[in-house]
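Inspection log for the structure reproduced underneath, given as structure tokens.
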Amino acid sequence: MSQLTELVLASGNAGKLKELGALLAPLGIKVHAQSEFAVPEVEETGLTFVENALLKAREASRISGLPALADDSGLAVDALDGRPGIYSARFAGEPKDDGRNNDKLLEAMAEVPEGSRGASYWCVLVLLEHPEDPVPLIVQADWRGEILAHPRGEGGFGYDPLFWLPDQGASAAELGAAEKNRLSHRGRALSALLLELERRSSS
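Note that UniProt numbering numbers the sequence shown so that position 86 is 86, with each residue one more than the last.
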């Protein structure tokens with residue numbers, strides 16, 4: 001991969017844009033929002049996090065003419081055979097709604113006993129140099145926890161109020177931003193991506 005100076009983030013999420021911009025700035029990489037190029041929301045037709053991230057990155061790169069970074073992430077619950085998985089954002093149907101998704105998860109887990117409520121958040125990041133890039137940079141990371149019987153905390157988003165972290169004695173929604181970024185699936189995937197970018201730029 002040639003020296004990166006700018007890229008487009010294949011996401012409409014303002015929080016992700018701010019977080020990624022701050023993390024990539026020390027490497028001299030400017031992050032653009034896909035809205036700057038009128039990139040539409042891509043239909044996520046893939047059957048894995050990797051496939052969906054590739055779809056989003058490819059479309060953003062094609063329209064913007066820039067390298068593109070995309071993430072796809074979700075919650076995989078052991079007792080539900082990995083669901084909601086790639087359907088995490090739309091678990092309760094359209095339109096996407098965190099509250100309804102959490103309610104549906106609580107309902108699905110109602111009969112699952114303590115000790116069998118393990119789950120993992122997953123994040124896949126894909127970086128394409130151009131739309132037809134045959135060797136995309138792909139990193140992934142997970143975050144292990146348990147599903148609570150009742151929500152806790154006001155922070156975060158998604159399933160964070162139900163995602164219990166035994167080592168921290170808190171839900172993901174009760175963590176401060178810095179601690180969450182250090183521990184979370186997305187934070188760790190970003191760290192892996194940054195390490196790989198640094199390695200490639202110095203080789």
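Every residue gets a Cβ at the ideal spot worked out from N, C-alpha and C, and that includes glycine. Keep in mind it's a predicted model, so treat the numbers as computed, not measured.
| query | When burial is assigned at 16 or more other CB atoms within 10 Å of the CB, is R182 buried or exposed? | reply | Exposed, because fewer than 16 other Cβ atoms sit within 10 Å of the Cβ of R182.
| When you compare only the Cα positions, how much space is there between L194 and Y87? | L194 and Y87 have their C-alpha atoms some 27 Å from each other.
| message | Check whether the stretch 71 to 78 and the stretch 37 to 56 touch, using three or more Cβ-Cβ pairs below 8 Å as the test. | response | The stretch 71 to 78 makes contact with the stretch 37 to 56; the number of CB pairs closer than 8 Å reaches 3 or more.
| message | Rounding to the nearest angstrom, what Cα-Cα distance links A14 and R186 in this structure? | response | Annotation: A14 to R186 spans about 15 Å, alpha carbon to alpha carbon.
| So, is G12 buried or exposed, given that buried needs 16 or more other C-beta atoms within 10 angstroms? | Answer is exposed; the Cβ neighbour count stays below 16.
| request: Would you mind stating whether A141 and S201 have Cβ atoms separated by less than 9 Å? | output: The beta carbons of A141 and S201 sit no closer together than 9 Å.
| field | Test item: CB-CB of L125 and A189 under 9 Å | value | Contact: yes.
| said: Let's test the definition: count the other Cβ atoms within 10 Å of the Cβ of Q34 and tell me whether it reaches 16, buried, or not, exposed. | reply: The Cβ neighbour count for Q34, taken over all protein chains shown within 10 Å, is at least 16; the residue is labelled buried.
| request: Tell me whether V50 sits in a helix, a strand or coil according to DSSP, three-state version. | output: If DSSP states are grouped into helix, strand and coil, V50 belongs with the helices.
| query | So what does DSSP say about G21, is it helix, strand or coil? | reply | The answer is helix: DSSP assigns G21 an H, G or I state.
| request: May I ask you to report which of helix, strand or coil DSSP gives D72? | output: Here D72 sits in strand by DSSP.
| task | Express the C-alpha separation of V112 and I63 in angstroms, rounding to a whole number. | result | Put simply, the backbone Cα of I63 is about 46 Å away from that of V112.
| beta strand (DSSP E) segment containing A119, residue limits | Unbroken beta strand (DSSP E) run through A119: 118 to 128.
| Does the beta-carbon distance from E43 to A10 come in below 9 Å? | Not a contact, by the Cβ cut-off of 9 Å.
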